[in-house]
Every structure is written in structure tokens, then in C-alpha cells.
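> Just so we're aligned: 14 in my numbering is position 3 of the sequence shown, and the numbers increase by one with no gaps anywhere. Note that CB positions come from ideal geometry on N, CA and C, so glycine has one too.
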Amino acid sequence: MAADKGIVGDMVASMLWFSAYSYSCYSAQEHSALQSFRATTAALTSSTPTAASLPVDIVIETIVATLVISLGLVLGTRPLRPIQWNVWAGKLEREGPEGFLDSEGEVNKDYVGNPFRLLEARPGFVDIRKQRKEFAEWVKNGGQIQGN
């Protein structure tokens, strides 16, 4: 249940900053539309063109919202995995599911175990290590078949 509250809180915070960003974009568009209307009416009455820039508060609001959204996306992502599969498989073997706990203490949904377990099991091949071990036991027993 704690994981759901954390996810919901992150979503609410993201939506809050996204709405602030959307509002700043709308303010910039509205300001530009008003300025173009004023420029059009001014051009009809005078011969000197006027140039207008965005107000400082809209610029600051846009920059802050963009930075906070970017920072939230970067900090909210899961840790990166190794690019090399043998390093990834080694981490899986050493740490197991405990190495993939999220901030709430639950195993990540994308944890599937060792991706090479099918290749390592090799179901269609002879298990040489097992046969060596059986042969060593057979030699220790004096070369007799077990069960006689």
C-alpha cells in the first residue's frame, strides 16, 4: 500500500509541475496574440513598427517549470542497468532479487531472474559435471555398479 501512495504522490507532483508548464506556455501564447493584435492596430495608425518580448515572469515560470519537470523525471527513474549482459547476469547471480529492491523494499516488476538460465541449463545436452562426479564416486566404490 505504501508503494501506491508513493506512486500517486509522484504522479500528483508531476501533474502539478506539468500544469504549471502548460500554463506558462498558454501565457506566452496569449501574450504573443495580444501583442500581435496591438501591433496590427498600431500599424494601421502609425508607420513605425514596434517589437515586444515576453514578460520576465512568463520566462521565469517557463524555465523553472522545465527544470523541475526535467529534474523530477531524472530522479524518478530506476537506476541504469549495465550495458554488458555478462555484467548484468553476474549481478543477478551475486545479489538475486535483493539487489533489485525499489525504495519501498519491494522487488522491481522487471526482475525476471537470470536471463541466461535456459542457456546454462542446456536441457538438450549432457551434463558433464554431473557425469564426472558420478564417475568419481564409481571409482571410489571400486568400480562396482551401485545396488549390487
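1) With DSSP as the reference, identify every bridge partner of V167, one or two as the case may be.
2) To the nearest whole angstrom, what separates the beta carbons of G83 and A24, a pair I think is in contact under 8 Å?
3) Roughly how many angstroms lie between the CA atoms of I94 and W28, to the nearest whole one?
4) Specify the secondary structure class of V137 as computed by DSSP and reduced to three states.
5) In this structure, how does DSSP classify T73 when only helix, strand and coil are distinguished?
6) Give me the residue from G154, E104, G116, T73 with the minimum Cα distance to Y37.
7) Determine the burial state of I69: buried for a count of at least 16 other Cβ atoms within 10 Å of its Cβ, exposed for fewer.
On the basis of the data shown:
1) This structure cannot speak to residue 167, because the chain is shown only from 12 to 159.
2) Between A24 and G83 the Cβ distance is about 7 Å, and since that is below 8 Å, they are a contact.
3) For the pair I94 and W28, the Cα-to-Cα distance works out to about 32 Å.
4) V137 falls in the coil class under three-state DSSP.
5) helix
6) T73
7) buried
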